[in-house]
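Have a look at the structure below before the remarks.
In my numbering, the protein residues as written are 450 to 776.
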């Protein structure tokens, strides 16, 4: 470093400041280090240590004084020195095995990191492929009461005919788990030429709802239709190739929107403008309906011959009923 100062008294302050800075800079010491991963550095050091140990063992590189220091004795016989040298060789071999094992363990850790990076790269590739296919192929995505989990599951329709079922029998193209789901619950058919998609039940008693209404025959699906399979599987159908979707305006499809739609088709009028107790009652009904459907599906699967229904009783009538029981 070169510091420029002036002999003129008018530049005294600047010269003094420059000298102070130069003095501080002079005290800075730099040490060059190899930019090396700590794990790789440890592996290298262990390998170097093993090479050094091998060299000493091969040449018998140990003197009598070192052996006597190891035994804490000032004088040793030839037999004692030979026994001590044998012990020294055994210790060297043990150290080498320990180093080799640590090198192997560290190497496995590095391989695992590489493997994880490859798996993450493959996952990102698959995710990118799915996101790209969503733009051009019909597909389903899930709805969940937790908004963070909605849209996390995506099924792209790759084939002309797609089967939806549970995992109890033959594996279906799309497997779903939950109460009320059959081995062959529904079939989805594509007409790729006209970009149309149709759905029908697998069996007559399979529960399939399209926009809150149960289907009994094959129906055509349209972009943003809400589908329910069984009691708890709630999905949204999207067909990016459907004609005219660019000109239509669709409401935000959420779990609450789909549940309100199902409740409305079941005869429960959802009045968003209602306030007070009526609004709370509507919210409770919407929350209870899926649980009732699930309970009925479980009852049917277990052949309990019990059906659960929602019955609304006014507080006045409830008081009368309780009073009658008390009497």
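The beta carbon of each residue, even a glycine, is placed where N, CA and C say it ideally should be.
Is residue i close to the ligand COA? I mean its beta-carbon at under 7 Å from any heavy atom of the ligand.
i: residue 650; result: In terms of ligand content, the structure shown is empty, and the ligand COA therefore cannot be addressed.
Assuming residue i contacts residue j under a Cβ cut-off of 8 Å, what Cβ separation, rounded to an integer in Å, is found between them?
i: residue 638; j: residue 609; result: 7 Å
i: residue 435; j: residue 707; result: The question about residue 435 has no answer here: the residues shown for the chain are numbered 450 through 776.
i: residue 648; j: residue 668; result: 6 Å
i: residue 673; j: residue 644; result: Not really, about 15 Å apart at Cβ, beyond 8 Å.
i: residue 739; j: residue 703; result: About 14 Å separates the two Cβ atoms, so there is no contact after all.
i: residue 591; j: residue 585; result: Incorrect: roughly 20 Å between the Cβ atoms, too far for contact.
i: residue 517; j: residue 525; result: 5 Å
i: residue 579; j: residue 613; result: Incorrect: roughly 18 Å between the Cβ atoms, too far for contact.
Are the CB atoms of residue j and residue i within a distance shorter than 8 Å?
i: residue 635; j: residue 657; result: yes
i: residue 734; j: residue 759; result: yes
i: residue 465; j: residue 450; result: no
i: residue 593; j: residue 545; result: no
i: residue 603; j: residue 583; result: yes
Check whether chain B comes within 8 Å of residue i, counting only Cβ atoms and requiring the distance to be less than that.
i: residue 554; result: Note that chain B does not occur in the displayed structure, where there is just one protein chain.
Assign residue i to buried or exposed, taking buried as 16 or more other Cβ atoms, counted over all protein chains shown, within 10 Å of its Cβ.
i: residue 679; result: buried
i: residue 650; result: buried
i: residue 756; result: exposed
i: residue 588; result: buried
i: residue 569; result: exposed
i: residue 577; result: exposed
i: residue 626; result: exposed
i: residue 547; result: exposed
i: residue 553; result: exposed
i: residue 751; result: exposed
i: residue 468; result: exposed
i: residue 488; result: exposed
i: residue 533; result: buried
i: residue 618; result: exposed
i: residue 631; result: buried
(request) Tell me the start and end of each unbroken beta strand (DSSP E) in the segment 623-675 that is at least 3 residues and wholly inside, in chain order. (result) List check, beta strand (DSSP E) in window: 635-640, 645-650, 657-659 and 668-670.
(request) Please go through the segment 725-759 and give each complete alpha helix (DSSP H) segment of 4 or more residues, from N-terminal end onward. (result) 725-750
(request) Any chance you could list the beta strand (DSSP E) runs of at least 3 consecutive residues sitting entirely within the segment 530-614, in chain order? (result) 588-591, 603-605 and 610-614
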